[in-house]
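This report refers to the structure that appears directly beneath it.
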Amino acid sequence: MPVNNNSKSFINVNKGSDFPIQNIPFGIFKSKNNSKPRAGTAIGDFILDLSVLQESSLFSDPLINGKSVFSKEHLNDFMALGNTICNQTRKDIQELLEENNPVLRDNENLRLDCLIPVSETEMCMPVDIGDYTDFYSSKQHATNVGIMFRGKENALMPNWLHIPVAYHGRASSVVLSGTEIVRPKGQTKADDAEMPAFGPTKLLDFELEMGFFVGTGNKLGEPINVNNAGENIFGMVLVNDWSARDIQKWEYVPLGPFLAKNFATSISPWIVTLDALEQFKTKREEQIPEVLPYLKNTGDWLYDINLEVKIITKNSEESFTISRSNSKYLYWDICQQLAHHSVSGCNMRTGDLLASGTISGPDKSSYGSLLELTWRGSEPLKFSNGEERKFLQDGDTLIITGYCEKDGVRIGFGEVSGKILPAV
Ligand code: MN
85 MPVNNNSKSF INVNKGSDFP IQNIPFGIFK SKNNSKPRAG TAIGDFILDL SVLQESSLFS
145 DPLINGKSVF SKEHLNDFMA LGNTICNQTR KDIQELLEEN NPVLRDNENL RLDCLIPVSE
205 TEMCMPVDIG DYTDFYSSKQ HATNVGIMFR GKENALMPNW LHIPVAYHGR ASSVVLSGTE
265 IVRPKGQTKA DDAEMPAFGP TKLLDFELEM GFFVGTGNKL GEPINVNNAG ENIFGMVLVN
325 DWSARDIQKW EYVPLGPFLA KNFATSISPW IVTLDALEQF KTKREEQIPE VLPYLKNTGD
385 WLYDINLEVK IITKNSEESF TISRSNSKYL YWDICQQLAH HSVSGCNMRT GDLLASGTIS
445 GPDKSSYGSL LELTWRGSEP LKFSNGEERK FLQDGDTLII TGYCEKDGVR IGFGEVSGKI
505 LPAV
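Okay, so the sequence shown: first residue is 85 according to my numbering, each after it adds one.
Right, dumping it as structure tokens:
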């Protein structure tokens, strides 16, 4: 029986959990009793070991049963099978976990082998990321930054409404949630200084973003069509694109961000599939001026995902919420981003990470960076314990969470967090 919004698992899932039977995200984990990284899914407070199910031939596809895609240390081989097989496999897992299905429920030995309490596990990097690209797809964010750097008259660059603007980032420094972030050093130049100075960034910031992984790519010279691009996208994660604003300001003209961004980008460990997010699709605002034909798509590819940013300062045990945003505020959707990225003929590959850019909503409480929340440091955030922040300090921990909710179904992403360590 296919799983629907009313289905339950025989595993108890608390109300408010990010991981009910309707989610079934994919990730890589290791456990206390088995230090080998392997594929799993999250169900309530358990991880289901997919490498065990693959050995037991419990899936419907012969490319998975008895094969090794789920015993690899990354999900790339699974993702490369394409969304038809990946989606069917996710449905197989849902049916195995369904409360009326005895196959796993009543097989105690198998259950003990493949269901592991989260407390006995550790998440690992889910994907071997070949390339990482970061877009700039929130109109509110681009407008805010434009006002700060160029004034109200020239806030949006003339190309912004025509091109999903992006830069090629650095895949080697994409790290998993929980990884500590060392404050970067670099060149900065104060407006009134004659010469640049070298040292730790004084303006360390976060960027609230979502990212998606390419499941199947395209051949060099054969662009992905905007109306088929969803078939090439495996799923989504939360992203924090850490940024050093003073380094950025001095280096970004003429070729864009470089060292201000390449020291770390953090992602959440569970990849939530587009299939799981299907019912949370939402209408995109009408794009005026009209976009060029290669970017014009039918169907909705923005998602109603609630996003929240919290900080735990070095002097506090409690967390303070500093922003509430939503991925529906993006101007360019994921299919437009992927179509634009490949329209030159650029070949996208399994495991490539494409992030949205900072997602800022219409008002100040929904801005996705400290640069905007404190308006370049001119309006510090004040917390209930009396502390203030313009930018991140050593010892601060930044946490981003995200979830969708509709008709009693909640599908979450977990979190992406990182603590700031002093410069070396
Ligand atoms: Mn960014």
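All C-beta atoms, glycine included, are put in the ideal place defined by N, C-alpha and C.
Close Cβ partners of residue i (< 6 Å) along its chain, the five nearest in sequence each way excluded
i, result
"P385", "Going by the sequence as given, residue 385 is Trp instead of Pro. Contacts found: D417, I418 and C419."
"E204", "S115 and K116"
"P104", "V97"
"P284", "R267, K269 and A507"
"F318", "M163, F297 and G299"
"F404", "I395 and F467"
Inter-residue Cα distance where the pair is residue i and residue j
i, j, result
"Y387", "D190", "37 Å"
"K448", "L343", "28 Å"
"G445", "S141", "46 Å"
"N98", "T485", "18 Å"
"A281", "E471", "29 Å"
"G230", "G299", "34 Å"
"V323", "A439", "7 Å"
"Q178", "S501", "28 Å"
"A255", "I213", "6 Å"
"N316", "S152", "22 Å"
"N171", "P186", "22 Å"
"E512", "L476", "Outside the displayed range of the chain (85 to 508) lies residue 512, so it cannot be described from this structure."
"R408", "S450", "5 Å"
"G452", "N149", "43 Å"
"C198", "L165", "23 Å"
"L194", "I112", "20 Å"
"E402", "F290", "19 Å"
"L414", "E192", "46 Å"
"A313", "K412", "18 Å"
Beta-carbon proximity check, residue i vs residue j, cutoff 7 Å
i, j, result
"P268", "A328", "yes"
"V211", "G479", "no"
"R122", "S101", "no"
"P373", "M207", "no"
"S257", "N160", "no"
"F130", "I95", "yes"
"G340", "Y251", "yes"
"K107", "I389", "Residue identity check: residue 107 is Asn in the sequence provided, not Lys. Going by C-beta atoms, N107 is not nearer than 7 Å to I389."
"L391", "Y216", "no"
Integer Cβ distance of residue i from residue j, believed to fall under 8 Å
i, j, result
"R483", "K394", "It should be noted that the sequence gives Ile, not Arg, for residue 483. That pair is a contact at about 5 Å."
"T173", "D145", "6 Å"
"V321", "F497", "7 Å"
"L292", "T442", "6 Å"
Counted within 10 angstroms of its Cβ, other Cβ atoms place residue i as buried (16 or more) or exposed
i, result
"D325", "buried"
"L304", "exposed"
"L196", "exposed"
"D276", "exposed"
"A507", "exposed"
"L376", "exposed"
"R234", "exposed"
"T168", "exposed"
"T397", "buried"
"S426", "buried"
"L505", "exposed"
"K380", "exposed"
"V337", "exposed"
"E182", "buried"
"I228", "A small correction: the amino acid at residue 228 is Asn; Ile does not occupy that position in the sequence shown. Buried, because 16 or more other Cβ atoms sit within 10 Å of the Cβ of N228."
"K513", "Nothing can be reported for residue 513: it is not among the residues displayed for the chain, which extend from 85 to 508."
Own chain, CB closer than 7 Å to residue i, minus 5 neighbours either side, in chain order
i, result
"P248", "F219, S221, W416, Q420, Q421 and H424"
"T263", "S350 and G502"
"K466", "E472"
Own chain, CB closer than 8 Å to residue i, minus 5 neighbours either side, in chain order
i, result
"H246", "P373, V375 and L376"
"S428", "P307"
"I355", "P109, F110, G111, L159, P210, V211, F297, F318, G319, M320 and V321"
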